[in-house]
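Enquirer:
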Amino acid sequence: MLASFDTHLFWEALTSEPYWRGALLAIALTCAALAAAVLLGFPLALGRASRFRAVRIVVFVYSWFFRATPTLLLLLIVWDVLPQLWPVFTHSWYTAFLAAFIALALNEAAYMAEIIRAGLLSVDPGQELASRALGMKRWQTLRRVVIPQAIRIVIPPTGNEFITLLKLTSLASVISVHELLTAAQEQASVSFKFAEVYGAALVYYLVIVSVLMFLQSKLERRFTWTSRARGRAVAVPTVAHDAR
Amino acid sequence: MNAALLRADEVSKSYDGLEVLRGVTFEVDRGQVKVIIGPSGSGKSTLLRCLALLEPVDAGAIFLDGDRVSGLKERELTSHRSEVGMVFQRFNLFQNMTALGNVMVALRDVRRLPKKEARERALEFLARVGLADKGNSYPEELSGGQQQRVAIARALVMRPKAMLFDEPTSALDVELVREVLDVMEGLAREGMTMVVVSHELRFAQHVASSILMMDEGRIIEESPPEQFFSAPEHERTRRFLSLVE
Chain H
5 MLASFDTHLF WEALTSEPYW RGALLAIALT CAALAAAVLL GFPLALGRAS RFRAVRIVVF
65 VYSWFFRATP TLLLLLIVWD VLPQLWPVFT HSWYTAFLAA FIALALNEAA YMAEIIRAGL
125 LSVDPGQELA SRALGMKRWQ TLRRVVIPQA IRIVIPPTGN EFITLLKLTS LASVISVHEL
185 LTAAQEQASV SFKFAEVYGA ALVYYLVIVS VLMFLQSKLE RRFTWTSRAR GRAVAVPTVA
245 HDAR
Chain F
3 MNAALLRADE VSKSYDGLEV LRGVTFEVDR GQVKVIIGPS GSGKSTLLRC LALLEPVDAG
63 AIFLDGDRVS GLKERELTSH RSEVGMVFQR FNLFQNMTAL GNVMVALRDV RRLPKKEARE
123 RALEFLARVG LADKGNSYPE ELSGGQQQRV AIARALVMRP KAMLFDEPTS ALDVELVREV
183 LDVMEGLARE GMTMVVVSHE LRFAQHVASS ILMMDEGRII EESPPEQFFS APEHERTRRF
243 LSLVE
């Protein structure tokens, strides 16, 4: 056994309120930011192929700006700079959690747009052609045929994005969001028992990601179209995973 | 206007400066079956796509039942497309739907039928192509021949005025060609108006009202099967036939 590992302290940390509150907050922030990023990323993905030049330029600038800006800097801008520029952001409704959500969602949307675009492009053009030939409208074709098939391609990289975002939520500690890692750091600064308190935080991350992986495999099976519903390897477009 | 059910009038079409159709005039009357043959790149598929209103024409016009349907806005085109059935070389069944789902989807979305009615009609048409028991199978679980028959049912269920077939058997293994041709011959006997791009010459000989030869974006010859095979007018046709047989 390790000489200085205090099992009791480890369990205490693991079950303490700041930890599970911090974990819930990290999960909530991740889910909310990812959901918003998908909603925002979809029109961005469609906009990249727009026949209007202005739309394509807006999408390009968006993607360029949010990929070039470090997430940490973006958090500081949204939390510290916006209130200086516009007084509305000094009101009490503008919480640190909301600021973190906005920053992460805006940032993540740039990446989700790329993933969704790759997903849409991966659907055989013959599918759209057949749908149009039946007299289906453009949005019907998208909703019934193209999007369901794109989802199957988009799930695995979106799972990766979830994991990335979950880790990025720890950055929100700089704008005083009390997520999981903040809880661990506070514990550490009191007890100096680093192995125990950081180990407990690590367990949370491992559990959260394991649950996600389980849910992802279920979801992938749901979007595999054979009546036997056996999993089948699908080609996953690789998206450059730059450090943020 | 003209009596033809479907008519292309002096249609031209280019892709990136390449002229694929050079002033093609073509018509098919109600109940006729026209078979189009010709080398690849001769414009057969493009002509079919223009007739199916899937491609805008650069010049000329398409008439359906006497109405000019080319050059319309997308919204109006959409409703006309459902009046012409299209069957593709690679089937293009919706991968995310069962066979039944494939046949039902446009009945629901385009014809706005209630679910129960759409389902019943879809099952009826699946039975017509001999696949009553495959309704719950997904495309990737079906053979090529079965997939193509589902695709035919999917187009037929809309009760189109005409059916267009773009090389419907050329992606199939030889032993699966027959089942698809049987369905098509059945349709022809029932009086369906059909335009078929195909190199199945025996099929053409049996069911075609006339056979057309396309080359370099033009129709160079059209005649009834007996004459087409026994005494083709053009040297080009003769050479092509000798290669296909």
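Line by line, the protein sequences are chains H and F.
So the mapping is simple: my numbering equals the position in the first sequence, first residue as 1, plus 4.
So the mapping is simple: my numbering equals the position in the second sequence, first residue as 1, plus 2.
From the three backbone atoms N, C-alpha and C, an ideal C-beta is built for every residue, glycine too.
Fair warning: this is a prediction, and the values are worked out from it, not measured in the lab.
For H/Leu28, is the classification buried or exposed, using 16 other Cβ atoms within 10 angstroms of its Cβ as the cut-off for buried?
Expert: Along the first sequence, one-based indexing puts residue 28 of chain H at 24. H/Leu28 should be labelled exposed.
Enquirer: Comparing C-alpha positions only, which one of F/Glu202, F/Ala61 and F/Ile154 sits nearest to F/Ala164?
Expert: Along the second sequence, one-based indexing puts residue 164 of chain F at 162. Nearest C-alpha to F/Ala164: F/Ile154.
Enquirer: In this structure, what does DSSP give as the bridge partners for F/Tyr17?
Expert: Numbered from 1 along the second sequence, position 15 holds the residue referred to as residue 17 of chain F. Answer by DSSP bridge pairing, in chain order: F/Leu20.
Enquirer: Near F/Gly25, what residues of its chain come up, given a Cβ to Cβ distance below 6 angstroms and the 5 sequence neighbours on each side ignored?
Expert: In the second sequence, the residue the question calls residue 25 of chain F occupies position 23. Excluding sequence neighbours, F/Gly25 sits near Glu12 and Ser14.
Enquirer: For H/Ala154, which option in H/Arg142, H/Leu172 and H/Gln131 has the closest C-alpha, if you only look at C-alpha atoms?
Expert: Walking along the first sequence from the start, residue 154 of chain H turns up at place 150. Of the listed residues, the one whose Cα sits closest to H/Ala154 is H/Gln131.
Enquirer: Can you list the residues of chain F that H/Gln144 reaches, using a CB-CB cut of under 7 angstroms?
Expert: Working through the first sequence from its first residue, we reach residue 144 of chain H at position 140. Going along chain F in sequence order, the residues near H/Gln144 (Cβ under 7 angstroms) are Asp111.
Enquirer: Assuming contact is defined by CB atoms lying nearer than 7 angstroms, are H/Gly163 and H/Gln220 in contact in what I supplied?
Expert: Position 159 of the first sequence, counted from the start, is the residue given in the question as residue 163 of chain H. Position 216 of the first sequence, counted from the start, is the residue given in the question as residue 220 of chain H. A contact, by the Cβ cut-off of 7 angstroms.
Enquirer: With DSSP as the reference, identify every bridge partner of F/Val198, one or two as the case may be.
Expert: Here the question's residue 198 of chain F lines up with position 196 in the second sequence. Partner(s): F/Val37 and F/Phe167.
Enquirer: Hey, does F/Thr195 have any beta-carbon neighbour from chain H nearer than 7 angstroms?
Expert: As a first step, residue 195 of chain F must be located in the second sequence, where it is residue number 193. For F/Thr195, the answer is no, since every Cβ of chain H falls outside 7 angstroms of its Cβ.
Enquirer: Looking at the unbroken alpha helix (DSSP H) that takes in H/Leu69, where does it start and where does it end?
Expert: Locating residue 69 of chain H in the first sequence gives position 65, where the first residue counts as 1. In the sequence under discussion, the amino acid at residue 69 of chain H is Phe, which differs from the Leu named in the question. Here the alpha helix (DSSP H) through H/Phe69 covers Arg57 to Ala72.
Enquirer: List the whole-angstrom C-beta distance separating F/Gly103 from F/Met160, where the pair is believed to meet the contact cut-off of C-beta under 8 angstroms.
Expert: Along the second sequence, read from residue 1 onward, the residue named residue 103 of chain F stands at position 101. Along the second sequence, read from residue 1 onward, the residue named residue 160 of chain F stands at position 158. Rounded, the Cβ-Cβ distance is 15 angstroms, inconsistent with contact.
Enquirer: Show which residues of chain F have a CB atom less than 7 angstroms away from the CB atom of H/Ala137.
Expert: As a first step, residue 137 of chain H must be located in the first sequence, where it is residue number 133. Near H/Ala137 (Cβ distances below 7 angstroms), the residues of chain F are Ala54, Leu56, Arg83 and Met88.
Enquirer: Whose C-beta lies closer than 6 angstroms to the C-beta of H/Ser135 among residues of the same chain, with five residues either side of it excluded?
Expert: Taking the first residue of the first sequence as position 1, residue 135 of chain H is located at position 131. Same-chain partners within the cutoff: Thr145 and Val149.
Enquirer: Taking the alpha helix (DSSP H) that H/Leu120 belongs to, which residues open and close that run?
Expert: Taking the first residue of the first sequence as 1, we reach residue 120 of chain H at position 116. A quick correction: the sequence has Ile, not Leu, at residue 120 of chain H. Unbroken alpha helix (DSSP H) run through H/Ile120: Ala100 to Ser126.
Enquirer: Beta-carbon of F/Thr80 versus every beta-carbon of chain H: anything under 7 angstroms?
Expert: As a working mapping, residue 80 of chain F is identified with position 78 in the second sequence. Taking Cβ atoms only, chain H reaches closer than 7 angstroms to F/Thr80, which makes this a yes.
Enquirer: H/Lys197 and H/Leu13 look like a contact to me (Cβ under 8 angstroms); what is the Cβ gap, rounded to whole Å?
Expert: Walking along the first sequence from the start, residue 197 of chain H turns up at place 193. Walking along the first sequence from the start, residue 13 of chain H turns up at place 9. Yes, H/Lys197 and H/Leu13 are in contact; Cβ-Cβ is about 5 angstroms, under 8 angstroms.
Enquirer: Going by beta carbon distance, what residues of the same chain come within less than 8 angstroms of F/His201, once the five residues before and after it are set aside?
Expert: Here the question's residue 201 of chain F lines up with position 199 in the second sequence. Taken in chain order, the residues that qualify are Ile39, Glu169, Ser172 and Val246.
Enquirer: Who pairs with F/Arg220 in a beta bridge, going by DSSP?
Expert: As a first step, residue 220 of chain F must be located in the second sequence, where it is residue number 218. Note: F/Arg220 sits in a beta bridge opposite F/Asp217.
Enquirer: Output yes if chain H places a C-beta closer than 7 angstroms to the C-beta of F/Asp184; else output no.
Expert: Walking along the second sequence from the start, residue 184 of chain F turns up at place 182. It does not: the Cβ of F/Asp184 has no partner Cβ on chain H nearer than 7 angstroms.
Enquirer: Which residue comes first and which comes last in the beta strand (DSSP E) that contains F/Ile64?
Expert: Residue mapping note: residue 64 of chain F aligns to position 62 of the second sequence, counting from 1. From DSSP, the beta strand (DSSP E) with F/Ile64 extends over Ala61 to Leu66.
Enquirer: May I ask you to list, following chain order, the residues of the stretch 110-130 of chain H that have a beta carbon less than 8 angstroms from some beta carbon of chain F?
Expert: So the list reads Asp128 and Gly130, given in the order they occur along the chain.
Enquirer: Should the stretch 92-108 of chain H be regarded as contacting the stretch 171-184 of chain H, the criterion being three or more beta carbon pairs within less than 8 angstroms?
Expert: Yes: the two stretches touch, three or more of their Cβ pairs being nearer than 8 angstroms.
Enquirer: Check this for me: beta carbons of F/Arg110 and F/Ala120, under 7 angstroms apart or not?
Expert: To locate residue 110 of chain F, count along the second sequence from 1; it is residue 108. To locate residue 120 of chain F, count along the second sequence from 1; it is residue 118. In contact: F/Arg110 and F/Ala120 (Cβ atoms closer than 7 angstroms).
Enquirer: Alpha carbon to alpha carbon, how far is F/Leu115 from H/Arg142?
Expert: In the second sequence, residue 115 of chain F corresponds to position 113, counting from 1. In the first sequence, residue 142 of chain H corresponds to position 138, counting from 1. About 19 angstroms.
Enquirer: Does any residue of chain F have a CB that is nearer than 7 angstroms to the CB of H/Ala154?
Expert: Position 150 of the first sequence holds residue 154 of chain H. Judged by the 7 angstroms Cβ criterion, H/Ala154 is not in contact with chain F.
Enquirer: If you measure between the beta carbons of F/Glu223 and F/Glu237, is that distance less than 7 angstroms?
Expert: Against the second sequence, residue 223 of chain F aligns to sequence position 221. Against the second sequence, residue 237 of chain F aligns to sequence position 235. No; because the gap between Cβ atoms is not below 7 angstroms, this pair is not in contact.
Enquirer: If you measure from the beta carbon of F/Glu143 to each beta carbon in chain H, is any gap under 7 angstroms?
Expert: In the second sequence, residue 143 of chain F corresponds to position 141, counting from 1. At least one chain H Cβ lies under 7 angstroms of F/Glu143.
Enquirer: So what's F/Thr27 in DSSP terms, helix, strand or just coil?
Expert: By 1-based counting over the second sequence, the position of residue 27 of chain F is 25. In the structure shown, F/Thr27 sits in a strand (DSSP, three-state: E or B).
Enquirer: So which residues on chain H does F/Tyr17 lean against when the C-beta distance must stay under 7 angstroms?
Expert: Sequence index remark: in the second sequence, residue 17 of chain F carries index 15 (1-based). In chain order: nothing, as chain H lies at least about 15 angstroms away.
Enquirer: Pick helix, strand or coil for H/Val194, following the three-state DSSP scheme.
Expert: Locating residue 194 of chain H in the first sequence gives position 190, counting from the first residue. Helix at H/Val194.
Enquirer: For F/Met3, decide whether its Cβ has a neighbour in chain H, counting only Cβ atoms nearer than 7 angstroms.
Expert: Stepping through the second sequence from its first residue, residue 3 of chain F is reached at position 1. In this predicted model, F/Met3 has a pLDDT of only 47, less than 50, meaning its place in the structure is not dependable; the value taken from the coordinates is given anyway. By this cut-off, F/Met3 is not an interface position.
Enquirer: Should F/Gln97 be flagged as near chain H, meaning a C-beta pair shorter than 7 angstroms?
Expert: Indexing the second sequence from 1 puts residue 97 of chain F at position 95. Yes, contact with chain H.
Enquirer: With 16 other CB atoms within 10 Å as the buried threshold, where does F/His208 fall?
Expert: In the second sequence, the residue the question calls residue 208 of chain F occupies position 206. Burial call: exposed.
Enquirer: Whole angstroms are fine: how far does the CA of H/Met140 sit from the CA of F/Glu76?
Expert: Numbered from 1 along the second sequence, position 74 holds the residue referred to as residue 76 of chain F. Numbered from 1 along the first sequence, position 136 holds the residue referred to as residue 140 of chain H. In a straight line, the C-alpha of F/Glu76 is about 11 angstroms away from that of H/Met140.
Enquirer: Just curious, the beta strand (DSSP E) that F/Val266 is in, first and last residue?
Expert: This structure cannot settle anything about residue 266 of chain F, because the visible part of chain F is limited to 3 through 247.
Enquirer: Could you tell me the boundaries of the alpha helix (DSSP H) in which H/Tyr23 lies?
Expert: Within the first sequence, residue 23 of chain H is the residue found at index 19, counting from 1. Segment Glu21 to Arg52, the alpha helix (DSSP H) holding H/Tyr23.
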